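In this note's numbering, the protein residues as written are 4 to 178.
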């Protein structure tokens, strides 16, 4: 996918560099960037998550082909500056993975207590009825009979969208 495909999907504050650059993956963690990736610089959350703008240069050194930022970082690669990088990340990831949720039946379970139990009960019922199932929660991501551990309960858009694709088993090992 070319960076320029993302421009009509987003509110753009400013663009820098060549929008014809090819994007081969999406990351928000500079330690996971591979050549050709788009690195999304989300702002930090005090006490929870560091500001990813601080890692833009590290991401470029690792091979990031382009950046999405909320402010100028001067990293020397094509950059889309947006007013809300978290929102942009959700839109970009859904587009990059061709909107996988459109082809799935999804059930969300919310509440204070019992979400894991209810989710597993629903999965068991559907599986017994012959449906192909997947499950995402605080004990991991399960696709069919394959359970993969996750490091956080709520998956960020790059991982979530990859998990929802038919290529998810391959992508999970990469992300």
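Virtual Cβ for every residue (Gly too), placed ideally from N, Cα, C.
Every value quoted in this text rests on a predicted model; they were computed, and no experiment measured them.
Alpha carbon to alpha carbon, how far is residue 158 from residue 83? Give it in angstroms, no decimals.
-> As a working mapping, residue 83 is identified with position 80 in the chain shown. As a working mapping, residue 158 is identified with position 155 in the chain shown. Within the model, the alpha-carbon separation for residue 83 versus residue 158 is close to 23 Å.
Go ahead and pull the three-state DSSP assignment for residue 178.
-> Looking up residue 178 in the chain shown gives position 175. Caution applies to residue 178, whose pLDDT of 33 falls short of 50 and renders its modelled position unreliable; the model cannot decide the point.
Whole-angstrom distance between residue 115 and residue 108, CA atom to CA atom = As a first step, residue 108 is located in the chain shown; it is residue number 105 there, counting from the start. As a first step, residue 115 is located in the chain shown; it is residue number 112 there, counting from the start. In this model, residue 108 and residue 115 are separated by some 24 Å (Cα to Cα).
Buried versus exposed, by CB contacts within 10 Å (16 or more), residue 68 | Walking along the chain shown from the start, residue 68 turns up at place 65. Its Cβ being crowded by 16 or more others within 10 Å, residue 68 is buried.
Alpha helix (DSSP H) segments (min. 4 residues) lying fully within the segment 101-165 | Uninterrupted alpha helix (DSSP H) stretches at least 4 residues long and entirely within the segment 101-165 occur at 118-131, given in chain order.
Sorted by chain position, which residues of the same chain lie with C-beta nearer than 6 Å to residue 118's C-beta, five sequence neighbours on each side aside?
-> Here residue 118 corresponds to residue number 115 of the chain shown, with the count starting at 1. Correct list, in chain order: 112.
Which one or two residues does DSSP pair with residue 27 in a beta bridge?
-> As a first step, residue 27 is located in the chain shown; it is residue number 24 there, counting from the start. Residue 27 pairs with nothing; no bridge assigned.
Taking the Cβ atom as the reference point for each residue, do residue 40 and residue 30 lie within a distance shorter than 8 Å?
-> Residue 40 sits at position 37 when you count from the first residue of the chain shown. Residue 30 sits at position 27 when you count from the first residue of the chain shown. Cβ atoms of residue 40 and residue 30: closer than 8 Å.
Test item: CB-CB of residue 71 and residue 95 under 8 Å | Taking the first residue of the chain shown as position 1, residue 71 is located at position 68. Taking the first residue of the chain shown as position 1, residue 95 is located at position 92. Result yes, Cβ atoms of residue 71 and residue 95 sit closer than 8 Å.
Residues that DSSP places opposite residue 71 in a beta bridge = For the purposes of this step, residue 71 is identified with residue 68 of the chain shown, where counting begins at 1. According to DSSP, residue 71 bridges with 43, 83.
With residue 126 and residue 138 assumed to form a contact (beta carbons below 8 Å), what rounded beta-carbon distance in angstroms separates them?
-> Numbered from 1 along the chain shown, position 123 holds the residue referred to as residue 126. Numbered from 1 along the chain shown, position 135 holds the residue referred to as residue 138. Sure, about 5 Å apart at Cβ, within 8 Å.
Where residue 15 falls: helix, strand or coil (DSSP) | Sequence index remark: in the chain shown, residue 15 carries index 12 (1-based). Residue 15: coil per DSSP, three-state reduction.
Contact the segment 10-29 vs the segment 60-67: 3+ CB pairs below 8 Å = no
Nearest candidate by alpha-carbon position, reference residue 145, set 55, 161, 166, 160 = Within the chain shown, the letter at position 142 stands for residue 145. Per the Cα distances, 166.
Report the rounded CA-to-CA distance for residue 25 versus residue 74, giving the unit in angstroms.
-> By one-based count along the chain shown, residue 25 stands at place 22. By one-based count along the chain shown, residue 74 stands at place 71. Going by the C-alpha atoms only, they are around 22 Å apart.
In whole angstroms, what is the alpha-carbon distance linking residue 8 and residue 147?
-> Reading the chain shown from its first residue, position 5 is the one you call residue 8. Reading the chain shown from its first residue, position 144 is the one you call residue 147. Distance between the alpha carbons of residue 8 and residue 147: 33 Å.
Kindly list the residues whose CB is nearer than 7 Å to the CB of residue 66, restricted to its own chain and excluding five residues on each side of it in sequence; keep chain order.
-> Working through the chain shown from its first residue, we reach residue 66 at position 63. 36, 37, 38, 39, 40.
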